[in-house]
Amino acid sequence: MSASAELRCRCGEVRATVKDPSPRTVNRVICYCADCQAFAHQLGRADLLDSHGGTDIVQVAPASLTFLQGQDKIVGLRLSPKGLHRWYARCCNTPVGNTVSPSIPFVGVVAQCFASERQTPDQLFGQPVGAILGKYAVGDVPKQVQGVSFGMILRALRLILSWRFSGKAWPHPFFDQATRHPRYPITVLTPEQRDALRPLCGPHPTAQPAP
Ligand SMILES: [Zn+2]
Ligand SMILES: [Zn+2]
3 MSASAELRCR CGEVRATVKD PSPRTVNRVI CYCADCQAFA HQLGRADLLD
53 SHGGTDIVQV APASLTFLQG QDKIVGLRLS PKGLHRWYAR CCNTPVGNTV
103 SPSIPFVGVV AQCFASERQT PDQLFGQPVG AILGKYAVGD VPKQVQGVSF
153 GMILRALRLI LSWRFSGKAW PHPFFDQATR HPRYPITVLT PEQRDALRPL
203 CGPHPTAQPA P
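Sequential numbering from 3 applies to the sequence shown in the working numbering.
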């Protein structure tokens, strides 16, 4: 197991590292929620979704993720005024980390950002431990995906609490420690912009993304 994993946007302008990658130090899940689908479509990156609209997400401790270059390309998007802060590299519209707020210390990174000639997400983090919010999945997904696994929720909570109490909440790659303000500019979608994405998203999309 390597001591760090490389994270990069599709074009390579934005690069970061994640310390101590291993199946134990992260939580890797497939998220089928409509918001993750909408975010990918907003960026024109439906290629990041699996055939059921799932996003493969690796949740890491904030302090384990450090950007090395291309920070001037990082911007944030919120699908609504209270939505997640979804950070992406504007050079090539690659998501580089989802966060709720600095008080809930985790960063969800799209697994594809870790794929390169040197490493694969599976080698670094193991396979996803499960899937969440399968009710928004497009088409038929396995039955166990549709329910809520309390084991998975406990696992995620345990990791987030351990990060909080072991000093891995700060420094945060997307929030300033002193002011708690976002480090990068954020755009919030208008309700009209948000609604325009809904036909593209599960569980029953009525439109196809533009090619
Ligand atoms: Zn890029
Ligand atoms: Zn989601």
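Backbone N, C-alpha and C define an ideal beta-carbon position, used for all residues, glycine too.
- In the three-state reduction of the DSSP assignment, Gln39 falls in the helix class.
- Within the same chain, Tyr138 come within 6 Å of Pro205 by CB-CB distance, once the 5 residues on both sides are set aside.
- Inter-residue distance for Arg200 and Ala212 is about 14 Å (C-alpha atoms, whole angstroms).
- Each residue's CA atom was taken as its position, placing His54 and Ala198 some 20 Å apart.
- Pairing Thr19 with Leu135, the inter-Cα distance amounts to about 29 Å.
- Contact check for Lys170 and Ala40: beta-carbon distance about 29 Å, past the 8 Å limit, so the pair fails to qualify.
- Secondary structure note for Ile155: its alpha helix (DSSP H) is the uninterrupted segment Phe152 to Phe167.
- With a cutoff of 6 Å, Ala48 does not count as near ligand 1, since its C-beta is closer than that to no heavy atom of the ligand.
- Proximity to ligand 2 was defined by a C-beta distance below 5 Å to any of its heavy atoms, and the residues meeting it, in sequence along the chain, are Cys33, Cys35 and Cys38.
- Straight-line spacing of the CA atoms in Gly141 and Thr181 works out to 44 Å.
- With 5 Å as the limit, the residues whose C-beta approaches a heavy atom of ligand 1 more closely than that are Cys11, Cys13, Glu15, Ala91, Cys93 and Cys94, in chain order.
- Secondary structure note for Leu126: its alpha helix (DSSP H) is the uninterrupted segment Pro123 to Phe127.
- The C-alpha of Gly153 is placed about 31 Å away from the C-alpha of Gly78.
- Ser66 carries a helical assignment under DSSP once its states are collapsed to helix, strand and coil.
- Looking at Cys33, Thr208 and Ile76, the one whose alpha-carbon comes closest to that of Cys94 is Ile76.
- In this model, Arg160 and Asp58 are separated by some 20 Å (Cα to Cα).
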